[in-house]
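Data first, discussion second: the structure below is written as structure tokens.
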Amino acid sequence: MTVVDDPRFAAWNTALARAAMALGTPEFPLRFDQAVRCLVPFDNSMLFAYRGNGRPIGVYDDLAPGEASVIVDDYVIGPYVLDPFFSEVTRGRVSGLATLNDLAPDHFYESEYFHQHYARTKIVDEAGIFMGLPGGVTAVHSVTRRHGSAPFERSEIVLLSQAAPLLSAFGQRHWSDLHHRFDEMDGSNGDVRDAPAHPLETALNAIGQGILTERQSEIVTYILKGHSTESIALHLDISIGTAKVHRRNVYSKLGISSQSELFSIFLEHLRSIIPHQ
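Residues in the sequence shown are numbered consecutively from 59, following the numbering used here.
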């Protein structure tokens with residue numbers, strides 16, 4: 059079957075035309091999702107915008123209000139700093155598509171962040187399109203599969219990846235003024251050079267209160283993000299035995315015995331430094 063005979067191609071063209079007509083209107087996110095759904099079925103979608111190290115903005119989602127309070131509202135007041143998609147944004151990515159499996163550390167699915175966010179929200183898979191926007195903003199439009207749905211197949215990810223440049227161009231046109239919302243939120247003039255310190259680092263400093271060494275704080279960062287001891291050793295170019303010793307010393311100094319306790323302490327400090335707006 060050639061592409062012109064594929065009914066999905068006709069539906070895609072129609073949906074994309076409707077999205078084009080809706081650019082600049084409140085109807086666009088719905089039309090945008092309809093176009094994506096012509097390529098790949100999904101359960102929910104959401105778009106977060108990020109600038110520098112600051113709190114992200116939940117721009118759009120198609121969730122029920124009760125679900126949005128867990129998936130969106132709770133996310134932007136702190137846990138986002140452990141999100142693999144946010145980490146990818148801070149590394150400078152502004153285009154293309156990535157899945158959660160592409161970005162997640164080796165023990166991410168065993169991490170406390172995964173249990174507190176993904177497992178709690180029943181998201182089993184996620185694919186995000188990265189969009190570089192004016193004013194130093196990067197947006198990520200994510201489509202998710204929830205509990206009861208199968209993860210995205212490789213062929214579906216390939217199809218989304220091929221469509222990502224066009225979808226991103228639409229999103230860049232429609233959401234081009236998001237930097238103004240960040241300016242209003244943080245009272246800045248849009249100059250990201252004076253951005254505050256990374257909230258992850260600030261929270262870690264608060265946790266350690268001079269107790270933890272710089273290397274031990276690095277260990278905590280990797281633990282919270284879902285890295286195994288082997289992965290930590292690899293990233294920090296130390297032996298596995300040394301990584302284990304650092305981990306034991308961190309837990310001893312903080313008076314804890316589990317990653318769950320570490321995550322709770324971290325979240326408490328994190329939420330105290332991120333403004334609730």
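Quick reminder that beta carbons are idealized off the backbone N, C-alpha and C, glycines included.
Where residue i falls: helix, strand or coil (DSSP)
{"i": "Arg66", "result": "helix"}
{"i": "Arg151", "result": "coil"}
{"i": "Thr83", "result": "coil"}
{"i": "Leu158", "result": "helix"}
{"i": "Ser322", "result": "helix"}
{"i": "Arg329", "result": "helix"}
{"i": "Asp120", "result": "coil"}
{"i": "His165", "result": "coil"}
{"i": "Val216", "result": "helix"}
{"i": "Ile129", "result": "helix"}
{"i": "Asp235", "result": "coil"}
{"i": "Phe100", "result": "coil"}
{"i": "His205", "result": "coil"}
{"i": "Asp183", "result": "strand"}
{"i": "Arg109", "result": "strand"}
{"i": "Val136", "result": "The residue you asked about is not Val; residue 136 is Gly in the sequence shown. It is coil, neither helix nor strand."}
Spatial neighbours of residue i in its chain, beta-carbon cut-off 8 Å, leaving aside the 5 residues before and after
{"i": "Gly136", "result": "Pro257, Leu325, Leu328, Arg329 and Ile332"}
{"i": "Leu81", "result": "Phe228, Arg231 and His232"}
Sub-9 Å separation of residue i and residue j beta-carbons
{"i": "Met189", "j": "Val198", "result": "yes"}
{"i": "Thr157", "j": "Ala185", "result": "yes"}
{"i": "His175", "j": "Tyr118", "result": "no"}
{"i": "Ser145", "j": "Leu155", "result": "no"}
{"i": "Asp183", "j": "Ser207", "result": "yes"}
{"i": "Ala222", "j": "Ser322", "result": "no"}
{"i": "Ile187", "j": "Leu236", "result": "no"}
{"i": "Ile129", "j": "Thr196", "result": "no"}
Cβ neighbours of residue i in the same chain (closer than 7 Å, five flanking residues each side left out)
{"i": "Val250", "result": "Only weak support exists for where Val250 lies, its pLDDT of 48 falling under 50; the coordinates are left without a value."}
{"i": "Ala69", "result": "Cys96"}
{"i": "Ala261", "result": "Phe324, His327, Leu328 and Ile331"}
Rounded Cβ spacing between residue i and residue j (contact assumed at less than 8 Å)
{"i": "Gly299", "j": "His165", "result": "Going by Cβ atoms, the distance from Gly299 to His165 rounds to 18 Å, so no, they are not a contact pair."}
{"i": "Arg204", "j": "Asn102", "result": "7 Å"}
{"i": "Ala15", "j": "Phe86", "result": "No answer is possible for residue 15: it lies beyond the span of the chain, which begins at 59 and ends at 335."}
{"i": "Ala126", "j": "Ile115", "result": "So it is not a contact: roughly 14 Å between Cβ atoms."}
{"i": "Val98", "j": "Phe210", "result": "7 Å"}
Please go through the region 246-315 and give each complete alpha helix (DSSP H) segment of 4 or more residues, from N-terminal end onward. The region 246-315 contains these whole alpha helix (DSSP H) runs: 257-266, 272-283, 287-294 and 298-312.
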